[in-house]
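There are 2 protein chains.
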Amino acid sequence: MRPTDPLSPGAVPPGLHASVIDQMGLAIGAGEWAAGSVMRIEELEERYGVSRSVIREVLRVLASMGMVESRRRVGVQVLPATEWNLYDRQVIRWRLASPGRVAQLRSLTELRTAIEPQAARLAALRAPLADASELMGLAGKLWAAGQDGDTDLFLTLDIQFHRLVLSSSGNEMFGKLNSLVAEVLTGRTHYGLMPEHPHEEALQMHVDVASAIQRGNPVDAHQSMLAIMERAMTEMSTLWNEAAHK
Amino acid sequence: MRPTDPLSPGAVPPGLHASVIDQMGLAIGAGEWAAGSVMRIEELEERYGVSRSVIREVLRVLASMGMVESRRRVGVQVLPATEWNLYDRQVIRWRLASPGRVAQLRSLTELRTAIEPQAARLAALRAPLADASELMGLAGKLWAAGQDGDTDLFLTLDIQFHRLVLSSSGNEMFGKLNSLVAEVLTGRTHYGLMPEHPHEEALQMHVDVASAIQRGNPVDAHQSMLAIMERAMTEMSTLWNEAAHK
DNA sequence: TAGTGACAAAGATCATACTTATGCAACCCC
DNA sequence: GGGGTTGCATAAGTATGATCTTTGTCACTA
């Protein structure tokens, strides 16, 4: 067994950058650096124990996400959250890990409410037969996992289900939102904003979506997916209010 | 007059990076580097006449956009378009500048069809009075500019109008799409996919949206915005088919 | 008080040296 | 001869020092 890198304990997959990017993104996302505060490159080198090259490359990436901006003679300035690239997968994850999580989930779910029913509608018009069948299969397994109360499996299948609907829409922009949806579902589960046991109605709706897409019925597909979204929004609000009252 | 940098002729705003990023993004977006092809850092240094640090920082950013991936002992590999971060403003612009423009506009418009009517609906429920008034004002000016046939002004106002609707929705995810919409509208105008003279119905619909939002009528706001989107899609298809038949 | 010019701080860029992972091919054992 | 193993050359990764360029700041002048 080769000696694992002793410099990075709980390091992210590969590379020094990835690690530093993640740490900084997490810190900024959590508001540990208020918007407007400045850091100097030299500081950061020291704090993360890496060289200038690494820091600069990290900063470039964060800058391209709209999280920081560097100006000569001043330093690297943290930008307000309104500038951040909210559609970047990492930014989403960082924000879901932050205290502002709930508000974030709310707006993400609103976005899903706009997108996914449309995606389902288009899928009913355009999905290849193979996709439609797979969707039916997934809906079935999802039902089973829901009844069994197997949370992990349920999450995995749920992600797959929504991913397939999005990609079956035939629209690349919708398809690209699959990672966003996956983050949302994972976040909801991970942070306890999912009901303990999925309600039977919710399971049925997934079956309805799959079935409508297979039948090529855009109106039903749209309607059922919309119902799923509205239910998700309601569930989140409920659980969130309960938590707030405790 | 100080000597302007002779290395970058039509250089982008400030900085060497920005320039190189733009050139490379444009080239990759246009398919000049087929997916899977590899480049070596040393090559790129030479080709763009910049040092290694600059190239590396550029590559980091492109990698974070999912456009390239670098592997030791191999080089930097161009990733297939399915991996690209399609919600990044620069990626959108690069693709709109490429031959695949029309397909891109189609999927972007489909996305807008899903989002903007919802945004209008939410705006009718949540928009502050000031925003609603400004919207009415914009709709008025838009009408005037449309009647006058002042294309530039029309574009500017159109962008402002849609931006304001998105931001008035109170949803940050919708709000963040304003740059996407701006790129689409600019692209349509710039590449001749906009009718010469905006049709009166289209102008009226913008007024209808603003009016519905001001009245706080979500159903009408949704409906009118949807009509705008459907009309845009139709216009694009028509012009595009005409162009194809020539 | 406003305008102006010198100074210095900090990022931007360049150049170079050293480290590390890894594709490939030669090699060896069965 | 086939399949696994070892070595090596290569190209990216990381570190560091030097130099260039921009731009706040502040003192000085009118």
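Going down the list, the sequences are from chains C and R. Oh and the first sequence: position 13 is 12 in numbering that gives the first Met the number 0, straight run, nothing missing. Oh and the second sequence: position 108 is 107 in numbering that gives the first Met the number 0, straight run, nothing missing. Idealized CB from N, CA, C, for every residue including glycine. This one's a predicted model, so the numbers in the text were calculated from it and none came from an experiment.
Query - From C:L192, C:E195, C:L121 and C:H161, residue whose alpha carbon lies closest to that of C:V180 - result: That would be C:H161, whose Cα lies nearest to the Cα of C:V180.
Query raised in the report: Counting pairs of Cβ atoms below 8 Å between the segment 196-207 of chain R and the segment 101-117 of chain R, do you hit three or more?
Result: As far as the Cβ criterion goes, the segment 196-207 of chain R does not touch the segment 101-117 of chain R, which means the pair count is below three.
Query raised in the report: Hey, how far is the Cα of R:D21 from the Cα of R:V57?
Result: As the crow flies, the alpha-carbon of R:D21 is around 9 Å from that of R:V57.
Query raised in the report: Can you find a C-beta in chain R that's less than 8 Å from the C-beta of C:A211?
Result: It does not; no Cβ of chain R falls within 8 Å.
Query - Status (buried if at least 16 other CB within 10 Å, exposed otherwise) for R:P8 - result: Here the model assigns R:P8 a pLDDT of 29, short of 50, so the residue's position is not dependable, and the following value carries that caveat. Taking every protein chain shown into account, the CB of R:P8 has fewer than 16 other CB atoms within 10 angstroms, so this residue is exposed.
Requested in this report: State the start and end residues of the unbroken beta strand (DSSP E) segment that holds R:S69.
Outcome: Looking at the DSSP string, the run of the beta strand (DSSP E) that includes R:S69 is V67 to R70.
Query - Euclidean distance between Cα positions of R:G30 and R:V37 - result: Roughly 13 Å separates the two Cα atoms.
Query raised in the report: With a cut-off of 8 Å, does the C-beta of C:S236 fall near any C-beta of chain R?
Result: Contacts with chain R at 8 Å (Cβ-Cβ) do not include C:S236.
Query raised in the report: According to the neighbour-count rule (16 or more other Cβ atoms, all chains shown, within 10 Å of its Cβ), is C:Q146 buried or exposed?
Result: Classification for C:Q146: exposed.
Query raised in the report: Alpha carbon to alpha carbon, how far is R:A17 from C:M64?
Result: Separation of R:A17 and C:M64 (C-alpha to C-alpha, rounded to the nearest whole angstrom) is 14 Å.
Query - Length of the line joining the Cα atoms of R:G74 and R:N84 - result: C-alpha of R:G74 to C-alpha of R:N84: approximately 21 Å in a straight line.
Query - Within-8 Å CB hit, R:E56 to chain C - result: It does: the Cβ of R:E56 has a partner Cβ on chain C nearer than 8 Å.
Query raised in the report: Buried or exposed: C:G190, going by 16 or more other Cβ atoms within 10 Å of its Cβ?
Result: Residue 190 of chain C is actually Tyr in this sequence, not Gly. Exposed is the call here.
Report task. Pick helix, strand or coil for C:G74, following the three-state DSSP scheme. Result -> DSSP places C:G74 within a strand segment (E or B) once states are collapsed to three.
Query raised in the report: What are the start and end residues of the alpha helix (DSSP H) that includes C:Y86?
Result: That residue, C:Y86, is in no alpha helix (DSSP H); it is neither H nor E in DSSP.
Requested in this report: Compute the Euclidean distance between the alpha carbons of C:L137 and C:S210, then round it to the nearest angstrom.
Outcome: For C:L137 and C:S210, the distance between alpha carbons rounds to 11 Å.
Report task. At 3 residues or longer, and completely inside the segment 95-172 of chain R: list those beta strand (DSSP E) runs for me, N to C. Result -> Entirely contained in the segment 95-172 of chain R, not one beta strand (DSSP E) run reaches 3 residues.
**Report entry** Beta-carbon neighbours of R:E182, restricted to chain C and to distances below 9 Å
**Finding:** Chain order gives no chain C residues near R:E182, where near means a beta carbon separation below 9 Å; the closest approach is about 13 Å.
Report task. Taking C:A113 as the query, report the chain R residues whose CB atoms sit under 7 Å from its CB, ordered along the chain. Result -> Neighbours of C:A113 in chain R, taken as residues whose beta carbon is under 7 Å from its own, are A113, I114 and Q117 in chain order.
**Report entry** Contact set for R:F173: own chain, Cβ-Cβ below 7 Å, skip 5 residues either direction
**Finding:** For R:F173, where only same-chain residues beyond five positions count, the Cβ hits under 7 Å are I114, A118 and L165.
Query - Contact list for R:E44 against chain C, beta-carbon separation under 8 Å - result: Going along chain C, no residue has its Cβ under 8 Å from R:E44, so there is no contact; the nearest lies around 15 Å.
Query raised in the report: How about R:N170: is its C-beta nearer than 8 Å to some C-beta of chain C?
Result: Yes, R:N170 counts as interfacial toward chain C.
Report task. Use the C-beta contact count for C:E109: other C-beta atoms within 10 angstroms, 16 or more gives buried, fewer gives exposed. Result -> With 16 or more Cβ atoms within 10 Å of its Cβ, C:E109 is classed as buried.
Query - Residues near C:A123 in its chain [Cβ-Cβ closer than 7 Å; skip 5 each side] - result: Correct list, in chain order: A211, I212, G215, N216, P217 and A220.
Query - Nearest to C:R120 (by Cα), restricted to the options C:E82, C:I54, C:Q89 and C:S168 - result: Here the closest residue by C-alpha is C:S168.
Query raised in the report: Is it right to say R:A247 is buried, meaning 16 or more other beta carbons lie within 10 angstroms of its own, or is it exposed?
Result: Only positions 0 to 245 of chain R appear in this structure, which leaves residue 247 of chain R out of reach.
**Report entry** Inter-residue spacing [alpha-carbon to alpha-carbon] between R:R230 and R:L176
**Finding:** Using only the alpha carbons, I get a separation of about 20 Å.
Report task. Indicate whether at least one CB of chain R lies closer than 8 Å to the CB of C:V218. Result -> Chain R, which has no Cβ nearer than 8 Å to the Cβ of C:V218, makes this no.
Query raised in the report: Does R:D87 have its Cβ less than 8 Å from a Cβ in chain C?
Result: Yes, its Cβ sits closer than 8 Å to a Cβ of chain C.
Query raised in the report: R:S265 to R:L61, Cα distance in whole Å?
Result: Residue numbering for chain R in the displayed model covers 0 to 245; residue 265 of chain R lies beyond these limits and cannot be assessed.
Query raised in the report: Rounded C-beta distance between C:T188 and C:T150? I'm assuming under 8 Å.
Result: Contact flag correct, Cβ pair sits at about 7 Å.
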